[in-house]
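Trainee: First, the structure itself, so that you have it in front of you.
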Amino acid sequence: MSQAEAAPVGAVTVDSVPVRKRIWTLGLFRSELVTTFRRWRTLALLAVLAGVPILVGIAVKIETSGGSPAAGGGGGGPAFIAQITNNGLFLVFTALAATLPFFLPMAVGVVAGDAIAGEANAGTLRYLLVAPAGRTRLLLTKYATTMTFCLVATLVVAVTALATGALLFPLGDVVTISGTRIGFGEGLVRALLIALVVAASLVGIAALGLFVSTLTNSGIAAMATTVGLLITVQILDQIPQLHAIQPYLFSHRWLSFADLMREPVYWDDLVKNLGLQGLYAAVFGSAAWARFTAKDITA
Numbered sequence: 197m198s199q200a201e202a203a204p205v206g207a208v209t210v211d212s213v214p215v216r217k218r219i220w221t222l223g224l225f226r227s228e229l230v231t232t233f234r235r236w237r238t239l240a241l242l243a244v245l246a247g248v249p250i251l252v253g254i255a256v257k258i259e260t261s262g263g264s265p266a267a268g269g270g271g272g273g274p275a276f277i278a279q280i281t282n283n284g285l286f287l288v289f290t291a292l293a294a295t296l297p298f299f300l301p302m303a304v305g306v307v308a309g310d311a312i313a314g315e316a317n318a319g320t321l322r323y324l325l326v327a328p329a330g331r332t333r334l335l336l337t338k339y340a341t342t343m344t345f346c347l348v349a350t351l352v353v354a355v356t357a358l359a360t361g362a363l364l365f366p367l368g369d370v371v372t373i374s375g376t377r378i379g380f381g382e383g384l385v386r387a388l389l390i391a392l393v394v395a396a397s398l399v400g401i402a403a404l405g406l407f408v409s410t411l412t413n414s415g416i417a418a419m420a421t422t423v424g425l426l427i428t429v430q431i432l433d434q435i436p437q438l439h440a441i442q443p444y445l446f447s448h449r450w451l452s453f454a455d456l457m458r459e460p461v462y463w464d465d466l467v468k469n470l471g472l473q474g475l476y477a478a479v480f481g482s483a484a485w486a487r488f489t490a491k492d493i494t495a
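Start counting the sequence shown at 197; every next residue gets the next number (our numbering).
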């Protein structure tokens, strides 16, 4: 007779416990996603991010309405703006380059900073820790929700930019930074890869924000601290005298996604950027776990 047959009706078998925990974890993750994306603050952040490529596209359209070329040129990053009038797909690259230094990480910092501290401030944290949740599972769920927001926010910028570019400018073959020409289909694929790399570049700031969120019971304080750290790191990355430490700052190689528009693709800075983000995620994720599992939950 099998274990399932031998167990009384309504009894919980050994094998069913992990299954129930997994189902409960998926339910918690789904609940966190719904809660996060229903907040007016989250919707406002996404609306601001969607507005950036629209404003850039309209500005370029107005500037070039008399037939004058767009400003900029050369290399990567913001210089993609020089190609928008020839191909609306370049608005995707320009919008991501414009939002990545501040707008995207700021939005992620707000969501990550509020993850734990916001629950404590609202008095709901201890209820979330009722079995079978557990602190580790809750922390991982919060981080997974923040990373989902990273991806959604990046795709909002990319999709809005693509739609705006298609409406305002012609679409066609793409000229890479290296001067070679690729088809529009391959250009779309590279745009998707760039969006995924940009989302992955936010892993570090998300882990840092989650760690800060475990240090306080004030959601506003956690969000402000995370955004303040972001601004500080950005300033440090611009001071020439600090060149020795700049390669270790999480924002230093954010714009390396432009190398995906080279032919062949330059992988060195891309790999270094993703490796650095993984290191930040491991360090601050571990610090967040150590702090949260030892924290006295009173709210």
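From the three backbone atoms N, C-alpha and C, an ideal C-beta is built for every residue, glycine too. The model shown is predicted, which means the values in this text are computed figures rather than measured ones.
Mapping the DSSP letters down to three states, classify I435 as helix, strand or coil.
Mentor: Residue state, collapsed to three classes: coil.
Trainee: With a CB to CB cut of under 8 Å and the five nearest residues on each side skipped, what residues in its chain are close to W463?
Mentor: D455
Trainee: So does the region 468–479 actually touch the region 385–405, counting three or more Cβ pairs closer than 8 Å?
Mentor: yes
Trainee: Please name the residue in A440, T428, K491 whose C-alpha comes closest to that of N413.
Mentor: K491
Trainee: Of the choices V348, L466, F298, whose alpha-carbon is the least far from that of R449?
Mentor: Residue L466 is the option with its Cα nearest to R449.
Trainee: Quick one, which of T281, P301, F276, W236 has its alpha-carbon nearest T290's?
Mentor: F276
Trainee: Going by alpha carbons, who is nearest to A357 out of T422, V252, A403?
Mentor: Across the set T422, V252, A403, the C-alpha of V252 shows the shortest separation from the C-alpha of A357.
Trainee: Going straight from the alpha carbon of V256 to that of G247, what length do you get?
Mentor: If I take the Cα positions, the gap works out to 14 Å.
Trainee: Using DSSP with H/G/I as helix, E/B as strand and the rest coil, what is V370?
Mentor: strand
Trainee: Is the CB-CB distance between E228 and T341 below 7 Å?
Mentor: yes
Trainee: What residues are listed by DSSP as bridge partners for R377?
Mentor: V371
Trainee: So within the region 398–479, which uninterrupted alpha helix (DSSP H) runs reach at least 4 residues, ignoring any that extend past its ends?
Mentor: 399–409, 415–432
Trainee: Tell me the rounded alpha-carbon separation between E459 and S374.
Mentor: Between the alpha carbons of E459 and S374 lies a gap of roughly 6 Å.
Trainee: In terms of residues, what are the limits of the alpha helix (DSSP H) holding K257?
Mentor: 236–259
Trainee: Counting Cβ pairs, one atom from each stretch, are 3 or more of them under 8 Å apart for the region 430–442 and the region 348–367?
Mentor: no
Trainee: Consult DSSP for F276 and reduce its assignment to one of helix, strand or coil.
Mentor: helix
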